[in-house]
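Just so we're aligned, residue 1 is where the sequence shown starts under the UniProt record's numbering, counting upward by one.
The beta carbon of each residue, even a glycine, is placed where N, CA and C say it ideally should be.
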Amino acid sequence: MTEQSGTLETEPHESAYSRFHPLTPLVMGWKFVTAIVAIVGFQNYEVIEDLVKHGVVSTDNFLFIGLGALGIILVAIVTGALPWWITTYAVTEHGVFVREKFLSTKRRIAPRERIDSVSVERPFMARLVGLSKVRIELAGAGESHVDLQYLGRAKAEEIHSTILELARGDVPPHGRVAANPAPGETAPEASENAVPGEVDEGAPSIVERAESIAYDSDSDGELLARIPTSRILHSLVLDVGLMIGMVFTIIMTAIWLVTSFASGEFTFSAASLFALVPALLAGPRMIFSRLESSWGFTSRATSTGLRARSGLLNSRSDNLTASKLQLVELTQPVLWRSHGWFDVSVTTAGMDDLESDTDASGRILPVGTVEDLQVTLGHLMPPTGDLVAHPAMHDGARGASPAVLGATDTALVQGYMSAPQAELPGTRPFHWTSPVSRRTDVYALSRHALFARTGWLKRALTIIPRDRIQGVELSRGPIARRIGKADLQVEYAGGTFYLSDIPVADAAALCASLGNDAGTLRRFAERGTWLEPKLLGGSV
1 MTEQSGTLET EPHESAYSRF HPLTPLVMGW KFVTAIVAIV GFQNYEVIED
51 LVKHGVVSTD NFLFIGLGAL GIILVAIVTG ALPWWITTYA VTEHGVFVRE
101 KFLSTKRRIA PRERIDSVSV ERPFMARLVG LSKVRIELAG AGESHVDLQY
151 LGRAKAEEIH STILELARGD VPPHGRVAAN PAPGETAPEA SENAVPGEVD
201 EGAPSIVERA ESIAYDSDSD GELLARIPTS RILHSLVLDV GLMIGMVFTI
251 IMTAIWLVTS FASGEFTFSA ASLFALVPAL LAGPRMIFSR LESSWGFTSR
301 ATSTGLRARS GLLNSRSDNL TASKLQLVEL TQPVLWRSHG WFDVSVTTAG
351 MDDLESDTDA SGRILPVGTV EDLQVTLGHL MPPTGDLVAH PAMHDGARGA
401 SPAVLGATDT ALVQGYMSAP QAELPGTRPF HWTSPVSRRT DVYALSRHAL
451 FARTGWLKRA LTIIPRDRIQ GVELSRGPIA RRIGKADLQV EYAGGTFYLS
501 DIPVADAAAL CASLGNDAGT LRRFAERGTW LEPKLLGGSV
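Here it is in structure tokens:
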């Protein structure tokens with residue numbers, strides 16, 4: 001994202017700018033109003049307690065409460081309406097422009113060439129009034145995104161599709177994208193042959209309407225995967241890390257209560273309640289957060305890439321394409337392995353460590369089966385190719401597993417994820433100073449990707465396309481030099497991955513190969529040369 005304060009050559013015409021939806025101040029300001037009410041209520045706790053317990057009601061109290069409520073309303077109106085009034089947006093063939101024009105002019109610009117992905121987010125309050133936020137992720141670090149908040153649902157979907165077409169290079173005719181005012185969407189026109197009072201046989205049923213609302217009417221494209229709620233709930237029970245966190249929270253809360261009662265320091269007061277409630281809610285909050293990020297998950301293959309939708313109260317829809325991916329990560333907790341479930345997430349250049357209203361950013365398959373995994377990776381992940389002969393590639397203690405030799409791309413990924421570490425070719429930590437990782441971690445090269453299998457209770461497989469690598473750094477501390485090991489740091493757009501405690505000879509060989517990849521394969525100026533999945537017409 002770039003910010004400008006002067007004039008621009010690509011500045012849209014004044015008529016191209018539009019304001020956001022008139023209900024935007026309501027959605028943006030409810031947290032502020034809630035915070036003010038909480039502060040005022042806490043500071044006047046004794047007055048409220050007298051009114052509730054003793055029924056002390058007087059004109060002064062009514063006047064105080066009325067003036068306070070009026071002040072809160074006025075402050076909310078001013079603080080919410082003013083930013084909405086001075087903020088406008090425009091979508092042109094050059095990108096997306098958000099302008100704040102008051103005493104001075106401030107612009108936030110998403111250039112078309114830097115757009116990596118576009119998502120539609122619907123926070124809880126926005127969903128209640130039918131609004132959506134369009135988030136544009138850009139290639140870059142930090143807060144590299146531009147938000148259009150908030151728009152009507154139909155308008156958000158229209159702009160979402162338009163921006164994706166712009167990012168793909170499809171410039172609309174006349175060089176300009178219309179951005180009509182968005183006070184609300186126009187109702188569909190009635191058919192000329194419609195008879196008043198007659199029921200349309202093609203009208204959706206109540207069940208279909210409820211499903212449409214639950215999934216935000218997201219039905220475009222071919223359905224790839226849909227995760228049932230029963231599987232999500234089952235997966236939470238089988239997540240060892242989550243259960244350990246829950247048990248730890250319960251035990252620590254119980255110990256705190258017992259010691260407080262035993263010492264006679266605990267009393268049922270407002271202060272003790274404020275201290276106790278967060279502790280009691282920590283466990284349920286962890287479960288709800290996981291449930292919220294996976295609820296109602298569907299993925300579809302569309303003309304603009306893979307579209308993944310999820311969320312219970314706060315929903316999010318992401319559009320991802322193979323050319324934008326920087327990293328793919330598969331995870332599998334130990335108790336999921338017998339069921340064959342996988343969690344798959346991806347990283348794009350603009351999606352790393354962004355604050356969002358949901359926790360689903362980058363997740364393309366939560367609790368997916370083997371079939372879900374195959375069809376999802378087949379539509380999204382660039383080809384990996386076979387494992388290659390390389391100085392850093394060594395057979396495991398038991399030899400190479402047939403599951404990773406001469407297999408297809410998806411079979412190679414699945415085999416490298418599920419086979420025992422001792423049967424996987426590659427380099428691995430070797431010294432006794434790495435007692436766990438030398439039995440769990442292994443790193444390998446294929447023709448087009450770097451593979452990294454790590455973890456014990458929660459196994460993870462990280463795949464980095466070699467033409468996305470931007471830089472490689474080899475580092476050795478004094479102890480590492482003494483025992484002959486080294487760490488390798490692989491840079492890609494959006495983050496860094498570490499290969500730790502591997503033999504120095506293997507690290508040097510990998511550094512040379514990956515460094516050559518960073519200098520010759522990466523083609524940000526010519527993304528059309530990047531490999532595409534076979535199902536989308538690509539070739540190895």
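- Taken atom to atom, the span from the alpha-carbon of Leu224 to that of Gly340 is near 18 Å.
- Here His13 is exposed, its C-beta having fewer than 16 other C-beta atoms within 10 Å.
- With the rule of 3 Cβ pairs closer than 8 Å, the region 303–310 counts as touching the region 319–327.
- The beta-carbon distance between Thr433 and Ile483, rounded to whole angstroms, is 7 Å. This is short enough to meet the 8 Å contact definition.
- Cα atoms of Gly494 and Thr347: separation of roughly 7 Å, rounded to the nearest angstrom.
- Boundaries for Glu113: no beta strand (DSSP E) harbours it, and the DSSP string shows neither H nor E there.
- Phe97 sits in a strand when the DSSP states are folded into three classes.
- By the neighbour-count criterion, in which 16 or more other beta carbons inside 10 Å mark a residue as buried, Glu121 falls on the buried side.
- With a contact defined as Cβ atoms closer than 8 Å, Arg99 and Arg107 qualify at about 5 Å.
- Pairing Arg316 with Ile232, the inter-Cα distance amounts to about 17 Å.
- Rounded to whole angstroms, Leu313 and Lys155 show a C-alpha spacing of 21 Å.
- Remark: C-beta atoms of Leu387 and Ala444 approach each other more closely than 7 Å.
- Each of Asp318, Val37, Ala262 was checked against the Cα of Gly71, and the nearest Cα belongs to Val37.
- Leu457 carries a coil assignment under DSSP once its states are collapsed to helix, strand and coil.
- For Glu165, the enclosing alpha helix (DSSP H) begins and ends at 153–168.
- Taking 8 Å as the upper bound for CB-CB distance, Gln414 and Leu365 are not in contact here, some 13 Å apart.
- Restricting attention to Ile115, Met246, Pro435, Phe261, the CA atom closest to the CA of Asp501 is found in Pro435.
- In this structure, Leu103 lies away from Val240, with their beta-carbon atoms at least 7 Å apart.
- Rounded to the nearest angstrom, the Cβ distance from Leu291 to Leu242 is 11 Å, too far for a contact under 8 Å.
- Asp517: member of the alpha helix (DSSP H) spanning 504–520, first to last residue.
- Beta-bridge partners of Asn319 (DSSP): Val118, Arg307.
- Taking 8 Å as the upper bound for CB-CB distance, Ala126 and Tyr150 are in contact here, some 6 Å apart.
- Within its own chain, the residues whose Cβ lies closer than 6 Å to the Cβ of Val344, once the five positions on either side in sequence are excluded, are Leu330, Ile364, Leu365, listed in chain order.
- DSSP places His394 in the strand class (E or B) of the three-state scheme.
- In the DSSP assignment, Leu330 is bridged to Val344, Leu461.
- Out of Lys485, Ala419, Arg226, the CA that lies nearest to the CA of Gly368 is found in Arg226.
- A contact between stretches requires three or more CB pairs, one per stretch, nearer than 8 Å, and the region 78–96 meets this requirement with the region 11–28.
- When rounded, the separation of the alpha-carbon atoms in Leu166 and Pro533 is 22 Å.
- Annotated as distal: Phe430 and Arg439, with beta-carbon spacing of 7 Å or more.
- Beta bridge pairing from DSSP links Asp487 with Ser475.
- For the 7 Å CB-CB criterion, Ser132 and Arg153 form a contact.
- In this structure, Thr229 and Trp295 form a Cβ contact; the two beta carbons are roughly 7 Å apart against a cut-off of 8 Å.
- Looking at Pro25, Ile115, Ile109, Ala35, the one whose alpha-carbon comes closest to that of Leu82 is Pro25.
- In the DSSP assignment, Ile255 falls within the unbroken alpha helix (DSSP H) covering 240–263.
- Our two residues, Arg135 and Gly362, have alpha carbons roughly 13 Å apart in a direct line.
- Residue burial annotation: Glu371 is exposed, with fewer than 16 other C-beta atoms found within 10 angstroms of its C-beta.
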